[in-house]
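Just below is one structure, and these are the notes that go with it.
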Amino acid sequence: MDKFIIHGGKKLKGTVQVSGAKNASLALMPAALLNSGRNKLYNTPELNDVYTMLKLLSQMGVKFSFSNHILELNTTEINSFEAPYEHVKKMRASIYVLGPLVARYGYAKVSMPGGCAWGPRPVNLHLMAMEKLGAEITFEQGYIIASANKLKGNYINFDIPSVGATGNTLMAAVLAKGNTIINNAACEPEITNLCNFLIKMGAKIEGVGTSIIEVEGVDELHPADIETIPDRIEAGTLLIAGAITRSNIKVIGGITNHLHSILSKLEDSGCKLFYNKESIEINSENIEIKPIDVTTAVFPGFPTDMQAQWMAYMSLAVGTSNVTDTIYKDRFNHVPELVRLGVDIVMNENTARIVGVEKLKGAKVMSTDLRASASLVLAGLAAEGVTEVLRVYHIDRGYQRIEEKLKELGADIERVEGSEY
Ligand code: UD1
Numbered sequence: 149m150d151k152f153i154i155h156g157g158k159k160l161k162g163t164v165q166v167s168g169a170k171n172a173s174l175a176l177m178p179a180a181l182l183n184s185g186r187n188k189l190y191n192t193p194e195l196n197d198v199y200t201m202l203k204l205l206s207q208m209g210v211k212f213s214f215s216n217h218i219l220e221l222n223t224t225e226i227n228s229f230e231a232p233y234e235h236v237k238k239m240r241a242s243i244y245v246l247g248p249l250v251a252r253y254g255y256a257k258v259s260m261p262g263g264c265a266w267g268p269r270p271v272n273l274h275l276m277a278m279e280k281l282g283a284e285i286t287f288e289q290g291y292i293i294a295s296a297n298k299l300k301g302n303y304i305n306f307d308i309p310s311v312g313a314t315g316n317t318l319m320a321a322v323l324a325k326g327n328t329i330i331n332n333a334a335c336e337p338e339i340t341n342l343c344n345f346l347i348k349m350g351a352k353i354e355g356v357g358t359s360i361i362e363v364e365g366v367d368e369l370h371p372a373d374i375e376t377i378p379d380r381i382e383a384g385t386l387l388i389a390g391a392i393t394r395s396n397i398k399v400i401g402g403i404t405n406h407l408h409s410i411l412s413k414l415e416d417s418g419c420k421l422f423y424n425k426e427s428i429e430i431n432s433e434n435i436e437i438k439p440i441d442v443t444t445a446v447f448p449g450f451p452t453d454m455q456a457q458w459m460a461y462m463s464l465a466v467g468t469s470n471v472t473d474t475i476y477k478d479r480f481n482h483v484p485e486l487v488r489l490g491v492d493i494v495m496n497e498n499t500a501r502i503v504g505v506e507k508l509k510g511a512k513v514m515s516t517d518l519r520a521s522a523s524l525v526l527a528g529l530a531a532e533g534v535t536e537v538l539r540v541y542h543i544d545r546g547y548q549r550i551e552e553k554l555k556e557l558g559a560d561i562e563r564v565e566g567s568e569y
């Protein structure tokens with residue numbers, strides 16, 4: 149297990165490129181199971197979660213090549229329809245194979261994802277939708293088994309707009325007989341990216357990017373190519389790296405339309421932002437950070453995947469701010485670790501109340517999940533002295549070599565390989 153050693157307090161400068169979106173790739177990759185042939189996924193990030201998905205797909209018979217961020221998936225010879233526990237326990241997004249497998253092959257056996265580091269994460273909406281489309285769902289020794297002769301279009305209403313359930317339902321409905329309406333669908337850009345890939349394969353989808361998506365099933369889909377959208381969470385994290393270190397940096401490649409909730413909160417906090425199609429420049433030199441509350445919400449609201457990083461930033465605000473997570477009410481594993489760095493936080497149910505301090509102080513801290521580790525790195529960049537962030541395998545799941553990107557910006561951060569961390 150590697151760790152990061154950060155000598156904090158350095159100003160950052162220069163430009164940094166955003167990679168492809170993890171959450172888009174994890175939906176696009178299994179979508180290739182819907183056709184037979186060679187699909188090219190451009191701008192695929194080199195992340196551990198992508199490699200986990202590749203292992204899962206390979207074990208089903210998918211052949212691949214992956215270089216220069218171009219991932220080619222050849223889905224001609226699929227011979228297994230199972231997502232085993234060893235992959236699903238590492239990455240919940242493995243559940244994305246359920247929809248495409250049952251739609252195209254009439255059978256899928258997927259390990260139940262179980263809980264995760266920050267509490268229960270049910271898949272009831274995924275299963276409800278598969279049943280509505282005509283799949284028979286049974287459970288056997290910790291596995292979900294879905295089978296169907298031919299899925300049939302239906303009206304599907306989600307009580308909560310779930311990204312994963314919307315993606316899975318789309319991937320099933322495109323090959324179902326007849327029309328499907330998904331009401332209260334997730335509107336996240338990663339779902340739009342998936343819809344566009346499906347459309348390129350020959351799927352008929354209306355209402356892309358809205359909360360009511362209509363799918364007219366087709367008999368078969370053909371291979372296609374797609375550009376993975378830039379990672380809005382990585383872009384947001386890098387912008388906060390600039391903000392928290394009182395620096396002036398330029399983030400290249402983020403899509404501003406995907407980032408408005410984060411950009412406007414950064415502006416409210418006093419940062420100066422300049423953006424155009426290609427880049428977003430942030431300048432927080434000499435500003436007094438204003439305390440700004442955030443409440444997470446579905447897109448285009450403030451993403452739950454950014455609340456930990458926002459808390460790290462608000463720890464240096466002049467005054468008190470509140471961060472409320474309404475999507476995952478238990479997602480606060482980073483709190484005790486941030487406290488070790490000098491952050492003043494009091495929890496009240498799903499709200500963290502952060503009283504800004506003048507300085508953070510370096511310490512040894514433990515990553516507990518992906519975005520929690522990002523918040524610790526950000527706090528470490530701003531803290532006085534040395535911060536050691538242990539168990540960075542969490543951050544490697546979703547950020548492509550973040551320490552190299554931060555080093556390019558002038559941060560003093562080193563990866564130390566080792567086993568005892
Ligand atoms: C995706 C993202 C994750 C992000 C999350 C919320 C991927 C691979 N992961 O996760 O990074 O934090 O969206 O933006 O894209 N829910 C149910 N039943 C279900 C499914 C979800 O109750 O069957 C609930 C969840 O507990 C949560 C809410 O719906 O409270 C949203 O979760 P969802 O959008 O499904 O998250 P994921 O797709 O798992």
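Residue numbers for the sequence shown follow my numbering, so the first one is 149 and each next one is one higher.
C-beta atoms are modelled at their ideal positions from N, C-alpha and C, and glycine is treated no differently.
Only a predicted model underlies this, so the values are computations on that prediction, with no experimental measurement involved.
One Cα belongs to M495, the other to I308, and the distance between them is close to 25 Å. The C-beta distance from S463 to V483 rounds to 11 Å, too long to fall under 8 Å, and the pair is not in contact. By the neighbour-count criterion, in which 16 or more other beta carbons inside 10 Å mark a residue as buried, M514 falls on the buried side.
Here the alpha carbon of N305 sits roughly 6 Å from the alpha carbon of I330.
With a cutoff of 8 Å, P337 does not count as near the ligand UD1, since its C-beta is closer than that to no heavy atom of the ligand. A residue is called buried once 16 or more other Cβ atoms fall within 10 Å of its Cβ, and D517 is buried on that count. Within the same chain, Cβ atoms closer than 7 Å to the Cβ of E382 are found at V166, S167, Y547, the five residues on either side in sequence being excluded.
Residue R501 holds the alpha-carbon nearest to the alpha-carbon of G467 among K280, R501, V322.
The C-beta of T286 has fewer than 16 other C-beta atoms within 10 Å across all chains shown, which makes the residue exposed. Taking C-beta separations shorter than 7 Å and ignoring five residues to either side along the sequence, the partners of D473 in its chain run T444, T452, Q455, R479, N498, following chain order.
As a beta-bridge residue in DSSP terms, S295 pairs with Y255, E284. Distances from the CB of L195 to the heavy atoms of the ligand UD1 are all 8 Å or more. In the structure shown, the three-state DSSP call for N470 is strand.
Here the C-alpha atom of K553 lies approximately 6 Å from the C-alpha atom of V164. Beta-bridge annotation (DSSP): G504 is not paired with any residue. Residue range 337-348 is occupied by the alpha helix (DSSP H) that includes F345. Under the three-state reduction of DSSP, S206 is assigned to helix.
Cβ-Cβ distances below 6 Å link V446 to P309 in the same chain, with the five nearest sequence neighbours on each side left out; the list follows chain order.
By the Cβ neighbour-count rule, M239 is buried, with 16 or more other Cβ atoms within 10 Å of its own.
The alpha-carbon separation between K298 and V250 amounts to approximately 9 Å.
Rounded to the nearest whole angstrom, the CA to CA distance from G401 to E220 is 22 Å.
In the DSSP annotation of this structure, the continuous segment of the alpha helix (DSSP H) that includes L387 starts and ends at 380-392. Put simply, of E288, V311, V322, Q289 the residue whose alpha carbon is nearest the alpha carbon of G301 is V322. By the Cβ criterion, the region 182-198 is in contact with the region 365-376, since at least three pairs of Cβ atoms, one from each stretch, lie closer than 8 Å.
By the neighbour-count criterion, in which 16 or more other beta carbons inside 10 Å mark a residue as buried, V311 falls on the buried side.
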